Amino acid sequence: MNLIEVANWKQAQAFIDLPKRLYKYDPHWICPLDSDVEAIFDPSRNVFFSHGLLNRWLLADKNGLIIGRIAAFINYEKSHKNPQPTGGVGFFECIQDEKAAFLLLDTAKTWLKSKGMEAMDGPINFGENDKYWGLLIHGFKPPSLGMNYNPPYYKDFFESYGFTKLYDQLTNFLDATTPLPERFTKIADWVMKKPDYSFRHFDKSKFDQYAADFREIYNDAWSNFENFTPIEMGTIKESFRQMKAIMDEKIIWFAYFKDEPIAVVLCLPDVNQILKHVHGKLNLWGKLKFLWYSKTMKVERLRIIIMGCKKKFQNHGIESALIRCLQLEVLPRNTITGVELAWVGDFNDKMIALHEATGAKQDKIHRTYRYIFR
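Numbering (the working numbering) for the sequence shown: 6 to 379.
Here's what the structure looks like:
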């Protein structure tokens with residue numbers, strides 16, 4: 006086997022194309038957009054390069070056929086907040102061959118050690134954790150936009166290599182054809198009627214205002230979680246740029262207390278139902294196919310990407326009210342049958358309780374692992 010460090014356009018394209026061959030006959034896999042994955046590795050589009058390093062490799066067999074890939078990276082804003090300096094690995098793909106898998110993981114480990122790291126988390130993203138994060142270990146069904154999908158044998162690779170569970174990411178699914186529990190609805194309606202609270206959906210024409218509100222909410226809501234780093238405006242702008250083509254202003258809601266932004270729910274149509282037909286390409290032909298399928302088929306699912314509330318307003322029913330706003334908007338459309346809720350860590354008891362209160366059922370589990378170098 007031959008390791009190849011990605012150093013030119015042709016190798017970068019091979020890195021993007023490998024999953025298309027590995028998953029060719031998997032009926033559940035949906036190819037992510039090439040442009041979205043390429044953006045992760047583009048210093049002009051990924052602000053994490055301003056405080057981090059990244060490298061990636063391909064693995065070829067004796068005949069030159071690409072059989073594996075991996076990326077390794079260091080986010081210096083988080084790496085030294087752990088008990089030991091910790092980097093990350095991600096975008097791992099490999100044929101069902103343990104030697105090949107271990108060679109890829111060894112290569113990433115060696116590079117990270119050379120940069121002063123003493124551990125690695127994976128599979129994760131060189132970016133925020135709302136996409137390409139965690140190894141799928143339960144719920145092997147078509148992924149929603151930005152969610153990792155992989156064959157079951159990857160779990161054996163990671164655990165045999167020596168990775169151990171750091172935390173599980175629980176994705177719950179809400180049947181939109183079933184009414185929300187009465188108690189949940191009563192609390193949400195009561196909160197929505199309080200005079201000091203207001204609820205507004207996103208408006209593209211006021212992007213800068215809503216982007217600033219999002220940043221304020223996000224950086225307060227998650228500040229107590231381990232290894233938290235504030236989100237940057239550049240990250241928000243790039244994320245919204247990627248979402249622009251599929252964004253529905255009326256399913257992104259903000260909550261305010263006397264005009265102070267206090268909570269947000271960011272929801273998108275699960276356009277993977279359409280994107281599976283473009284095979285990762287949004288060139289002219291891909292755009293025409295996307296337009297055709299968007300006009301001839303209905304997107305029946307939504308996915309909540311992020312939901313958060315400032316700490317001092319938590320346990321006040323604000324999140325319930327946001328879900329109620331979303332429900333009141335989409336139910337009259339008579340097209341949505343289900344909502345995939347944003348993944349919640351198994352350590353987040355408050356959000357788990359909220360999901361349970363809606364009647365949502367567990368649908369998928371992704372696992373984030375850690376490997377401490379010996």
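Using N, Cα and C, we set each Cβ at its ideal position, and we do this for glycine too.
Quick caveat, the model's predicted, so the values are computed rather than measured.
Which ranges does the beta strand (DSSP E) cover as unbroken runs of at least 3 residues, wholly within the region 263-323, from first to last along the chain? Annotation note: the region 263-323 contains the following uninterrupted beta strand (DSSP E) runs of length 3 or greater, listed N- to C-terminal: 265-274 and 306-314.
Just verifying my parser: in three-state terms, what is the DSSP assignment at Trp14? In this structure, Trp14 counts as helix in the three-state DSSP scheme.
How many whole angstroms separate the CB atoms of Asn130 and Gly95, which I take to be in contact at a CB cut-off of 8 Å? About 6 Å; that satisfies the 8 Å criterion.
Count the other CB atoms, across all protein chains shown, that sit within 10 Å of the CB of Glu324; report buried if there are 16 or more and exposed otherwise. By the 10 Å Cβ count, Glu324 comes out buried.
Quick one: what's Glu98 bridged to in DSSP? Per DSSP, the beta-bridge partners of Glu98 are Arg74.
Tell me whether Arg306 is buried or exposed, calling it buried when 16 or more other Cβ atoms sit within 10 Å of its Cβ. Buried, by the Cβ-count rule.
With a threshold of 16 other CB atoms inside 10 Å of the CB of Leu141, please say whether the residue is buried or exposed. A buried status is given to Leu141, since no fewer than 16 other beta-carbon atoms sit within 10 Å of its beta-carbon.
Check whether the region 276-285 and the region 220-238 touch, using three or more Cβ-Cβ pairs below 8 Å as the test. The answer is no - the region 220-238 does not touch the region 276-285, with fewer than three Cβ pairs under 8 Å.
For Asn7, list the residues DSSP reports as bridge partners. According to DSSP, which records beta bridges pairwise, Asn7 is partnered with Ala65.
When you compare only the Cα positions, how much space is there between Met312 and Ala105? Whole-angstrom Cα-Cα distance: 39 Å.
With distance defined between alpha-carbon atoms, name the residue in Lys292, Ile79, Pro157 and Lys249 nearest to Phe212. When only C-alpha atoms are compared, the closest one is Lys249.
Would you say Ala44 faces chain D, with C-beta separation under 8 Å as the test? Absence of chain D from the displayed structure is noted, only one protein chain being present.
So, at 6 Å on beta carbons, what are the nonlocal neighbours of Asp102 in its own chain, with the 5 sequence-adjacent residues on each side left out? Answer for Asp102: no residue qualifies.
Could you check how far apart the C-beta atoms of Ile222 and Lys315 are, in whole angstroms? I think they sit under 8 Å. Right, the Cβ-Cβ distance comes to about 6 Å (below 8 Å), so this counts as a contact.
Would you call the region 166-184 and the region 342-353 touching, i.e. three or more CB-CB distances under 8 Å? Contact check between the region 166-184 and the region 342-353: three or more CB pairs, one atom from each, fall below 8 Å, which counts as touching.
Which of helix, strand or coil DSSP assigns to Thr182: Looking at Thr182 - three-state DSSP - the assignment turns out to be coil, as it is neither helix nor strand.
Candidates Phe163, His371 and Arg375: which alpha carbon is nearest Lys146's? Relative to Lys146, the option among Phe163, His371 and Arg375 whose CA is nearest is His371.
Along the beta strand (DSSP E) that carries Ser119, what are the first and last residues, could you check? Note, Ser119: premise wrong, no beta strand (DSSP E); alpha helix (DSSP H) at Glu103 to Ser119.
Evaluate contact between the region 346-361 and the region 111-129, counting only Cβ atoms and requiring at least three cross-stretch pairs below 8 Å. Short answer: they don't touch.
Presumed contact (8 Å Cβ cut-off) between Gly139 and Gln174, rounded CB distance: Taking 8 Å as the upper bound for CB-CB distance, Gly139 and Gln174 are in contact here, some 5 Å apart.
Bridge partners for Gly57 per DSSP, in chain order? Paired residue(s): Asn80.
If we call anything under 8 Å between Cβ atoms a contact, is Leu23 one with Ile75? Between Leu23 and Ile75, the CB-CB gap reaches or exceeds 8 Å.
In this structure, what does DSSP give as the bridge partners for Thr169? Answer is Arg375.
Residues bridged to Tyr261 by DSSP? Answer by DSSP bridge pairing, in chain order: Ser203 and Pro266.
Please classify Gln89: is it buried, with 16 or more other beta-carbons within 10 angstroms of its beta-carbon, or exposed? Counting Cβ neighbours within 10 Å, Gln89 comes out exposed, since fewer than 16 surround it.
Local Cβ density within 10 Å of Gly239, reported as buried at 16 or more and exposed below that: Per the 10 Å Cβ criterion, exposed.
For a test of the three-state rule: what should DSSP assign to Leu346, helix, strand or coil? If DSSP states are grouped into helix, strand and coil, Leu346 belongs with coil.
Coarse secondary structure for Leu38, derived from DSSP in three states: In this structure, Leu38 counts as coil in the three-state DSSP scheme.
Should the region 10-24 be regarded as contacting the region 33-46, the criterion being three or more beta carbon pairs within less than 8 Å? Touching, yes.
Val283 vs Phe295 beta-carbon contact at 8 Å: With respect to Phe295, Val283 sits close: the two C-beta atoms are nearer than 8 Å.
According to DSSP, which residues form a beta bridge with Asp194? Note: Asp194 sits in no beta bridge, so no partner.
Return yes when the Cβ of Gly144 is within less than 8 Å of the Cβ of Lys388, no when it is not. An answer regarding residue 388 cannot be provided, because it is not within the stretch 6 to 379 covered by the chain.
Below 8 Å, how does it come out for the region 59-68 and the region 7-16: are there three or more Cβ pairs, yes or no? At 8 Å Cβ cutoff, the stretches touch.
Could you tell me whether the Cβ atoms of Leu273 and Arg308 are closer together than 8 Å? In contact: Leu273 and Arg308 (Cβ atoms closer than 8 Å).
Nearest-angstrom Cβ-Cβ length linking Ala216 and Ile256, presumed shorter than 8 Å: Between Ile256 and Ala216 the Cβ distance is about 17 Å, and since that is not below 8 Å, they are no contact.
Can you look up Met152 in the DSSP assignment and give me helix, strand or coil? In the three-state reduction of the DSSP assignment, Met152 falls in the coil class.
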